[in-house]
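See structure below.
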Amino acid sequence: MRYLGINCLNHDAAMAIVEDDKIIWAAHSERYSQIKNDKFLNLDIVSEAHMNGPWDYVVYYERPMLKKARQLVAGQYKTAFDYKKLPSVYLKQFNIKIDEYVSHHHSHMAGGYYTAPFDDADILTIDAIGEFETITLWDNEKKIKSWYYPNSLGLFYSAITDRIGLKANEEEYITMGMAAYGEPKYVDYMRLVRQLNNHRGCGNILPEANEFDIAASAQKVYEEELLKIVDEYCKKPNLILSGGCALNCLANSKIKNKNIWIMPNPGDSGSALGCIPAVTKKKLDWQGPFLGTNIEGEYPIDSILKELSINEIVGVANGRAEYGPRALGNRSLLADPRGDEIKDKVNAIKRRQEFRPFAPAILEEDVHEYFTMPVRRSPYMQFIAVCKYPDEFPAIVHKDGTSRVQTVNEKDNPGFYNLLKSWKEKTGCPMLLNTSLNIKGKPMVNNRFHAIKFEEKYNVKVV
Ligand SMILES: [Fe+2]
6 MRYLGINCLN HDAAMAIVED DKIIWAAHSE RYSQIKNDKF LNLDIVSEAH MNGPWDYVVY
66 YERPMLKKAR QLVAGQYKTA FDYKKLPSVY LKQFNIKIDE YVSHHHSHMA GGYYTAPFDD
126 ADILTIDAIG EFETITLWDN EKKIKSWYYP NSLGLFYSAI TDRIGLKANE EEYITMGMAA
186 YGEPKYVDYM RLVRQLNNHR GCGNILPEAN EFDIAASAQK VYEEELLKIV DEYCKKPNLI
246 LSGGCALNCL ANSKIKNKNI WIMPNPGDSG SALGCIPAVT KKKLDWQGPF LGTNIEGEYP
306 IDSILKELSI NEIVGVANGR AEYGPRALGN RSLLADPRGD EIKDKVNAIK RRQEFRPFAP
366 AILEEDVHEY FTMPVRRSPY MQFIAVCKYP DEFPAIVHKD GTSRVQTVNE KDNPGFYNLL
426 KSWKEKTGCP MLLNTSLNIK GKPMVNNRFH AIKFEEKYNV KVV
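Okay, so the sequence shown: first residue is 6 according to my numbering, each after it adds one.
Pasting the structure below:
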């Protein structure tokens, strides 16, 4: 039996195909349309789904009628009464008929639980809002507690993101990055804001305050609450985090003494996959996040090394695209992380805010020599670690001395691992700066055509 899972019409539309325990294919709509956080599907992604099909059963990642009920409660009458926003109506144009709907948090839970490397775990799902639930706790696949709209930790974080001039539901990761640059001066005030209904933002609170201090204060409140819930309810040694808030690597790293699993695509786009095992109740054979469009060919280790030696910077577009928000070696812009100048050089392309450093990808066997890790390994950049030699690698270290580390081993990505090994043999340096390969403002490069566009625009070779 082959299953198709879908998320669309909200944000970050995605599709996934599973047969038995095998994840055949999973991809983000935005990578095909090149529209960031695209909420719609398009012919390219649907065609690729067909190439990986045919499917027998279609699962949708949330319950639209329940969501409409919540929209009515929230006063979103226009959206609630817009029948075109029903996935069953929308999907007719692609000739796709939904067989089963799974609730939003159930899809999040299942995406974590059925991909995890262990069977017995507490599962904590936190996001902004699905239907009515905003936080849920699970004992394996059994739900034991729910928090309901408008009491939402995710909506609070999004409201703060909006308050500091960023795009809510998209740029929360920047809020988190800004937190390191501020002082948590307004924690008491933020605790009060947290108690309010933040669905439509929190207004221009603290108009005189520095945005970085606001971010730091909100981050602190988020961490307090996360740790309190974990402390109170999660007693097992294994913990699974899911929902968009599981991307808060700063907070994740504060959880102590747990084996933590976070599927590398824990937000709504990952629920295109998650909703399938929610129905089948079958553990998935998780082999890694390289599940999208394939760019054929051997991992181009020699070409990468050559470009790095000449230009210190190179793009790589090879193998299957990452399913999740992080470039993990297959759609990456790589650079030599040593020295003071490389950050400016990469930033000439990325044009990111000064306070956002780049991440290091490092050989798993060397990580503890260079970083003080909160966990043994971090293959999907879900945790932060203190860098032991920040002066040597300023481009990959945050102001607070930490880095969002990606550990790489041979099983996870043999090509990328062997590249890092060869790079170390050649230079003595066990890591590379790794950031996503994308044109400014656009999603990650998906295919060769996008890679050529990137090359033309930035005059940086993509191999
Ligand atoms: Fe969600």
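Even glycine gets a Cβ: it sits at the ideal position worked out from N, Cα and C. None of the values given here were measured: they were computed from a predicted structure.
Rounded to the nearest angstrom, how far is the Cβ of residue i from that of residue j, given a contact under 8 Å?
| i | j | result |
| --- | --- | --- |
| G334 | F421 | 3 Å |
| Y8 | V51 | 16 Å between Cβ atoms; not a contact. |
| W143 | I128 | 4 Å |
| A366 | Q411 | 4 Å |
| F360 | M183 | 6 Å |
| A390 | P379 | 6 Å |
| A322 | I131 | In fact, because the Cβ distance is near 33 Å, the residues do not count as touching under 8 Å. |
| G116 | M268 | 5 Å |
| I306 | V465 | So it is not a contact: roughly 18 Å between Cβ atoms. |
| L296 | W30 | 6 Å |
| L424 | I309 | 6 Å |
| I165 | I219 | 6 Å |
| D119 | P282 | This sequence places Tyr at residue 119; Asp is not what is there. Their Cβ separation, rounded to whole angstroms, is 4 Å, which keeps Y119 and P282 in contact under 8 Å. |
| N42 | E175 | 5 Å |
Can you tell me the Cα-Cα spacing of residue i and residue j, whole angstroms?
| i | j | result |
| --- | --- | --- |
| K426 | L368 | 7 Å |
| Q387 | L313 | 26 Å |
| L211 | Q224 | 16 Å |
| V319 | L437 | 11 Å |
| Y227 | E303 | 43 Å |
| F241 | D125 | Reading off the sequence, residue 241 comes out as Lys, not Phe. The alpha-carbon atoms of K241 and D125 are separated by roughly 8 Å. |
| H16 | S274 | 8 Å |
| K404 | M6 | 50 Å |
| S34 | A21 | 11 Å |
| Y106 | T285 | 13 Å |
| S163 | P384 | 26 Å |
| K148 | S108 | 12 Å |
| K172 | L160 | 13 Å |
| I315 | K350 | 14 Å |
| E53 | H110 | 27 Å |
| M449 | K462 | 14 Å |
| T407 | P435 | 17 Å |
| K311 | I234 | 49 Å |
| R357 | L255 | 19 Å |
| N156 | N253 | 19 Å |
| K429 | Y82 | 58 Å |
| S441 | M181 | 18 Å |
| N209 | V468 | 46 Å |
| K46 | S276 | As written in the sequence, residue 46 is Leu, which differs from the Lys given in the question. Using only the alpha carbons, I get a separation of about 15 Å. |
| L201 | K72 | 21 Å |
Who are residue i's beta bridge partners in DSSP?
| i | result |
| --- | --- |
| P365 | L438 |
| R7 | E24 |
| H55 | The partner list for H55 (beta bridge, DSSP) is empty, contrary to what the question assumes. |
| I318 | A340 |
| D273 | Per DSSP, none; premise fails for D273. |
| W30 | I22 |
| F295 | E327 |
| V64 | G10 and E105 |
| E213 | E213 is not bridged to any residue. |
| D49 | According to DSSP, D49 bridges with nothing at all. |
| E138 | Y153 |
| I300 | G324 |
| V467 | G320 |
| K147 | D144 |
| M471 | Lying outside 6 to 468, the shown extent of the chain, residue 471 is not represented and no answer is given. |
Determine the closest residue to residue i out of the options, with distance taken between C-alpha atoms.
| i | options | result |
| --- | --- | --- |
| S337 | G344, D349 and G324 | G324 |
| G206 | D167, N174, Y227 and A221 | D167 |
| L232 | L246, N452, E301 and E213 | L246 |
| F137 | Y119, K172, G117 and V78 | V78 |
| G329 | L96, L278, G344 and Y375 | L278 |
| E230 | N47, D349 and I140 | I140 |
| Q39 | A18, P399 and H55 | A18 |
| I300 | K287, A326 and I306 | A326 |
| Y66 | I11, D25 and M449 | I11 |
| G58 | V23, Y82, K72 and L46 | V23 |
| K90 | A185, Q76 and N100 | Q76 |
| N443 | C13, I347 and R36 | R36 |
| D26 | D290, D104, P269 and I401 | D290 |
| Y238 | S112, L14 and N145 | N145 |
| I401 | R343, T377 and N452 | R343 |
| E415 | E370, G433 and E213 | E370 |
| A85 | Y95, N352 and A74 | A74 |
| G248 | C280, F217, N262 and A221 | C280 |
| P395 | R382, A340, F376 and V413 | F376 |
| V94 | K445, P122, T432 and C13 | C13 |
Worksheet entry | Complete runs of the alpha helix (DSSP H) confined to the stretch 100-133 [at least 4 residues] | 109-118
Fill in: Sequence ranges, alpha helix (DSSP H) only - wholly within the stretch 370-436, length at least 4
372-375 and 419-432
Discussion item. Runs of 4 residues minimum, wholly inside the stretch 228-270: which ones carry the alpha helix (DSSP H) assignment?
Written reply: 254-257
Item to complete: Tell me the start and end of each unbroken alpha helix (DSSP H) in the stretch 166-194 that is at least 4 residues and wholly inside, in chain order.
Response: 177-184
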